[in-house]
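K.L.:
Please read through the structure below; I'll follow up with questions.
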Amino acid sequence: MNRSNRRSSDQSIVSGADFLQLNIDDAPVGRRSDWLARQLRLAISDHRLPVGSRLPATRVLAGELRVSRGVVTEAYQRLTEDGHVAGHGRNGTIVVAAPASPPEVPPATPGARPSPSALFAAAPGADIFDSVRAAPARIDMSPGVPDLAAFPRSAWLRAERNVLANLPASDLGYGDPRGTPALRHAIANWLARNRAIRADPAEILIVAGTSQTLSLLGRALRDDGISAVAVEDPGSLGARQLLRDQRLDTPPVPVDSHGARVDALRDTAAPAVLLTPAHQFPTGVVLSGARRRELMGWATENEGLIIEDDYDAEHRYDRPPVPALRSVLPRHVCYAGSVSKLLAPALRIGWVLAPPKYQDALIAAKRFADLGNAVLPQQVLAQFMESGEMERQLRLLRTRHRRRRDAMVDAIRTHLPHAVVHGAAAGLHLMITFDAEFADTDLAAAALARGVKVQPLSWHSQHAARPGLVLGYAASSPTDISEGVATLGDVLRRLP
1021 MNRSNRRSSD QSIVSGADFL QLNIDDAPVG RRSDWLARQL RLAISDHRLP
1071 VGSRLPATRV LAGELRVSRG VVTEAYQRLT EDGHVAGHGR NGTIVVAAPA
1121 SPPEVPPATP GARPSPSALF AAAPGADIFD SVRAAPARID MSPGVPDLAA
1171 FPRSAWLRAE RNVLANLPAS DLGYGDPRGT PALRHAIANW LARNRAIRAD
1221 PAEILIVAGT SQTLSLLGRA LRDDGISAVA VEDPGSLGAR QLLRDQRLDT
1271 PPVPVDSHGA RVDALRDTAA PAVLLTPAHQ FPTGVVLSGA RRRELMGWAT
1321 ENEGLIIEDD YDAEHRYDRP PVPALRSVLP RHVCYAGSVS KLLAPALRIG
1371 WVLAPPKYQD ALIAAKRFAD LGNAVLPQQV LAQFMESGEM ERQLRLLRTR
1421 HRRRRDAMVD AIRTHLPHAV VHGAAAGLHL MITFDAEFAD TDLAAAALAR
1471 GVKVQPLSWH SQHAARPGLV LGYAASSPTD ISEGVATLGD VLRRLP
């Protein structure tokens, strides 16, 4: 009876595989695992393999396709690493998440989203990132996008159930605008373990991501008579936009191979500076020890404020991350972090440790902005962090991201051999530059027209620099990364 049941089950799986109409003759020679992973990914995306369904056993699919079992095993492994399937022991390999499908391109009507050429034709406006996110693409290599398919749904659900089972009714009311005590305590422990920061939970303010940190801090700085915050060049366009929205000037500070130039910072006469010292965006440079000492001298001599955006410091692949600036200069550093790159931007949870001078002002600004973050997600995140699940997630992501980083570096060497790669040791993106004369916005526009989404380096630069691109790899599979970079190479060769 057991043998009969197994035979019946296998037969149903073979029929399911036949339904997918897989023809191994279509696979490129030497790339059968790539081809099979792509075909299965497409089947999941268009719901021929819906979430909850079981993939054929590796031996069954290998026999049907007349390939070695290793080809199928490798394809399944890639889908597992992409977060689309998961092994469930004797229950086989189950589809757990569908790839995000690009939105359909609407007909050209008044008010429709801009074409790729129009998107990159002018200087980026306040809504540029909304427009970029809405633009359809087969392969999205935008920087700053984490691996959303890797979100730990099961672990998060366990934490949520535990919180709801034990949360007193009184905690469902309006919370402390500074954030729930449980989450502030969990973050203090996390920072001590991972960023060498010793913080009292009372010092921590919970915010809706680093973007809100900059908005609230901008208000506090204006009230303190500060009208300018120096920024790295190149540096984050989004951060610059947020500061300018608070009517703050953003004089540029050049970045070289040692990080932001402190001598240039002194020349700006700005009393505050926004830095990404652990992994500079977008170059990937780590602020050197000598520059750190110079920066500390600038801050203590001028009572200067350093805004430390620690946006992806944990994602380091060659050695442990450097300690945060806040760990050595708490009186002069306003430290900003979030879970956007570790878990998902959708949570809208971040934290800020301000110097004593600005703590009360930031709490007041947060109170009047929204009365504090939603309480329930804070409680769940606290449970998630204290249970050790955050460290498990970080270990998983480092492994996945390293493989995707390697795939992107290899693809650049193959398809963009004249590009210079920057920042490969850490983070979720690479910067590439070209020793050539062309507009990187033209390259980005032509790539988007071919279905590949990237950001031009010039968007993140205030002063003219060599053309380049900022390429995110965290959210794309190695196969998509290779195809996307190959498309970039083809587009570059065709540029006038």
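Start counting the sequence shown at 1021; every next residue gets the next number (the working numbering). We put the CB at the ideal spot given by N, CA and C, even for glycine.
So which of ALA1439, ALA1427, PHE1458 and ASP1455 has the shortest CA-CA distance to ALA1495?
P.N.:
It is ALA1427.
K.L.:
Compare the Cα-Cα distances from ARG1422 to each of ALA1469, GLN1379 and SER1497 and report the closest residue.
P.N.:
Ranking the options by Cα distance to ARG1422, first place goes to SER1497.
K.L.:
In chain order, which beta strand (DSSP E) runs of at least 3 residues are fully inside the region 1248–1274?
P.N.:
The region 1248–1274 contains these whole beta strand (DSSP E) runs: 1250–1253.
K.L.:
What whole-angstrom Cβ distance do VAL1293 and ALA1250 have, given they're in contact under 8 Å?
P.N.:
The pair is a contact, with the Cβ atoms about 4 Å apart (cut-off 8 Å).
K.L.:
Taking the alpha helix (DSSP H) that SER1358 falls in, what are its first and last residues?
P.N.:
Note, SER1358: premise wrong, no alpha helix (DSSP H); beta strand (DSSP E) at 1353–1358.
K.L.:
Cβ of ALA1402 within 6 Å of any heavy atom in the ligand FMN?
P.N.:
The ligand FMN is absent from the structure shown, which contains no ligands of any kind.
K.L.:
Which one or two residues does DSSP pair with THR1113 in a beta bridge?
P.N.:
Partner(s): GLY1107.
K.L.:
Taking the C-alpha atoms as reference points, what is the distance between ASP1276 and ALA1169?
P.N.:
ASP1276 and ALA1169: Cα-Cα distance of roughly 35 Å.
K.L.:
Give the straight-line distance between the Cα atoms of ASP1196 and ILE1326, rounded to the nearest whole angstrom.
P.N.:
Each residue's Cα considered, the two are about 27 Å apart.
K.L.:
List the residues that DSSP assigns as beta-bridge partners of ASP1276.
P.N.:
GLY1279, per the DSSP bridge assignment.
K.L.:
Taking GLY1324 as the reference, which of ILE1246, GLY1258, SER1481 and LEU1401 has the closest Cα?
P.N.:
Considering only alpha carbons, the answer is ILE1246.
K.L.:
Between which two residues does the alpha helix (DSSP H) harbouring ASP986 extend?
P.N.:
An answer regarding residue 986 cannot be provided, because it is not within the stretch 1021 to 1516 covered by the chain.
K.L.:
What residue does the beta strand (DSSP E) around ASP1329 start on, and which one ends it?
P.N.:
1325–1329 is the extent of the beta strand (DSSP E) around ASP1329.
K.L.:
May I have the straight-line CA-CA distance separating GLY1164 from PHE1388, to the nearest angstrom?
P.N.:
Each residue's Cα considered, the two are about 29 Å apart.
K.L.:
Taking the alpha helix (DSSP H) that ILE1064 belongs to, which residues open and close that run?
P.N.:
That run of the alpha helix (DSSP H) goes 1052–1065.
K.L.:
Would HIS1449 be called buried (16 or more neighbouring beta carbons within 10 Å of its own) or exposed?
P.N.:
Under this definition HIS1449 is a buried residue.
K.L.:
Over what stretch of residues does the alpha helix (DSSP H) that includes VAL1395 continue unbroken?
P.N.:
Start and end: 1395–1406.
K.L.:
Ordered along the chain, which non-local residues of its own chain (more than five positions away) have a Cβ less than 6 Å from that of ASP1160?
P.N.:
Within the same chain, ASP1160 has close Cβ partners LYS1473.
K.L.:
Closest by CA to SER1308, which one among VAL1342, SER1407 and ARG1213?
P.N.:
Selected option, being the one with the closest Cα: VAL1342.
K.L.:
Beta-carbon within less than 7 Å of PRO1272's beta-carbon, same chain only, minus the 5 sequence neighbours each way: which residues are those?
P.N.:
Within the same chain, PRO1272 has close Cβ partners VAL1251, ASP1253, GLN1482 and HIS1483.
K.L.:
Exposed or buried, which one is GLY1072 when buried takes at least 16 other CB atoms within 10 Å?
P.N.:
With fewer than 16 Cβ atoms within 10 Å of its Cβ, GLY1072 is classed as exposed.
K.L.:
Tell me whether the beta-carbon of ALA1381 lies closer than 7 Å to the beta-carbon of ALA1185.
P.N.:
It is not a contact, given that the beta carbons lie outside the stated cut-off.
K.L.:
Give me the Cα-Cα distance between ASN1209 and PRO1397, rounded to the nearest whole angstrom.
P.N.:
About 18 Å.
K.L.:
Residues in the same chain with beta-carbon distance under 7 Å from LEU1520, minus the five sequence neighbours each way, listed in chain order, please.
P.N.:
Given that the chain is displayed from residue 1021 to residue 1516, the structure contains no residue 1520 and the question cannot be resolved.
K.L.:
Given a threshold of 16 other Cβ atoms within 10 Å of its Cβ, counted over all protein chains shown, does PRO1531 qualify as buried or as exposed?
P.N.:
Given that the chain is displayed from residue 1021 to residue 1516, the structure contains no residue 1531 and the question cannot be resolved.
K.L.:
Restricting to Cα atoms, I'd like to know which of ASP1150, PRO1134 and ALA1077 is closest to ILE1114.
P.N.:
Per the Cα distances, ALA1077.
K.L.:
What's the gap between the Cα of SER1235 and the Cα of ARG1470?
P.N.:
Near 36 Å, if we compare the C-alpha coordinates of ARG1470 and SER1235.
K.L.:
Does the Cβ-Cβ distance between PRO1375 and ARG1351 come in under 7 Å?
P.N.:
Cβ distance < 7 Å, so PRO1375 and ARG1351 count as in contact.
K.L.:
Might you give, ordered along the chain, the residues of its own chain that have their beta carbon closer than 7 Å to the beta carbon of LEU1416, omitting 5 neighbours on each side?
P.N.:
Counting only Cβ-Cβ distances below 7 Å, and skipping sequence neighbours, we find ALA1170.
K.L.:
I need the boundaries of the beta strand (DSSP E) containing THR1200, first residue and last residue.
P.N.:
Where THR1200 is concerned, there is no enclosing beta strand (DSSP E), given that its DSSP letter is neither H nor E.
K.L.:
Starting from the C-beta of SER1358, find all residues in its chain whose C-beta is less than 6 Å away, skip the five residues before and the five after it, and write them out in chain order.
P.N.:
Excluding positions up to five away in sequence, the list reads GLY1229, THR1230 and GLY1370.
K.L.:
Would you mind listing the alpha helix (DSSP H) stretches within the region 1432–1501 that are 4+ residues and don't spill past its ends, in chain order?
P.N.:
The region 1432–1501 contains these whole alpha helix (DSSP H) runs: 1460–1469.
K.L.:
Taking 7 Å as the threshold (C-beta atoms), are PRO1476 and ASP1460 in contact?
P.N.:
Going by C-beta atoms, ASP1460 is nearer than 7 Å to PRO1476.
K.L.:
Using the three-state DSSP reduction, which class does ILE1148 fall into: helix, strand or coil?
P.N.:
Looking at ILE1148 - three-state DSSP - the assignment turns out to be helix.
K.L.:
Does the distance from the C-beta atom of THR1303 to that of GLY1443 stay below 7 Å?
P.N.:
Closer than 7 Å, so yes.
K.L.:
When DSSP labels each residue in this structure, what does VAL1080 get in the three-state scheme?
P.N.:
VAL1080 falls in the helix class under three-state DSSP.
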